[in-house]
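Peer 1: Note that this note's numbering has the sequence shown beginning at 407, numbered continuously upward.
Where a beta carbon is used, it is the ideal one built from N, C-alpha and C, also for glycine.
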Amino acid sequence: MAHIQCWAHKLNINASLWGLYLPELNMCVSNVKNAFLNSRKRKHSTLNTKKNAKLFPSHVMTRWYSWFHSVEYIAEYLEDLIEFLTGVDSGVSAEYFTNLIEQLRACNHSVLC
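#1: Excluding the 5 residues preceding and the 5 following Trp470 in the sequence, name in chain order all residues of the same chain whose CB lies nearer than 7 Å to its CB.
#2: Can you round the beta-carbon distance between Trp473 and Val435 to whole angstroms, since I take them to be within the 8 Å contact cut?
#3: Please report the Cβ distance between Cys513 and Leu431, rounded to the nearest whole angstrom; I am assuming they are in contact, meaning their Cβ atoms lie under 8 Å.
#4: Can you grab the Cα-Cα spacing for the pair Phe490 / Ala459, in whole Å?
#5: Roughly how many whole angstroms lie between the Cα atoms of Trp424 and Thr468?
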């Protein structure tokens, strides 16, 4: 008996390879995820800044297409993310956010266009 995978599973396997072939974009997705990962206040502050804003869809390896949803979010809300992260009171991690903003601007010019 031959094993035949469903098409959705095949598509997900192919989609998971995109992060490997686009390392700069994958790093942007990971760093934006880390910026919002353990801060409930920061997550909900983004909702208060824009009327139609959504929470960042965190990339999770076991959730299908979550990487693409994260990339779509970054592409759609890039300027808003940069504006928000510029105004974040980060204290100890100020250098991290400065580097993240520079990385997002670089991703905007090289990958997302």
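Peer 2: From the atom records:
#1: Along the sequence shown, one-based indexing puts residue 470 at 64. So the qualifying residues of the chain are Asn418.
#2: Within the sequence shown, numbered from 1, the residue matching residue 473 stands at position 67. Within the sequence shown, numbered from 1, the residue matching residue 435 stands at position 29. Contact flag correct, Cβ pair sits at about 6 Å.
#3: To locate residue 513, count along the sequence shown from 1; it is residue 107. To locate residue 431, count along the sequence shown from 1; it is residue 25. Going by Cβ atoms, the distance from Cys513 to Leu431 rounds to 6 Å, so yes, they are a contact pair.
#4: Translated into the one-based positions of the sequence shown, residue 490 becomes position 84. Translated into the one-based positions of the sequence shown, residue 459 becomes position 53. If you draw a straight line from the Cα of Phe490 to the Cα of Ala459, it comes to about 12 Å.
#5: Locating residue 424 in the sequence shown gives position 18, counting from the first residue. Locating residue 468 in the sequence shown gives position 62, counting from the first residue. Using only the alpha carbons, I get a separation of about 15 Å.
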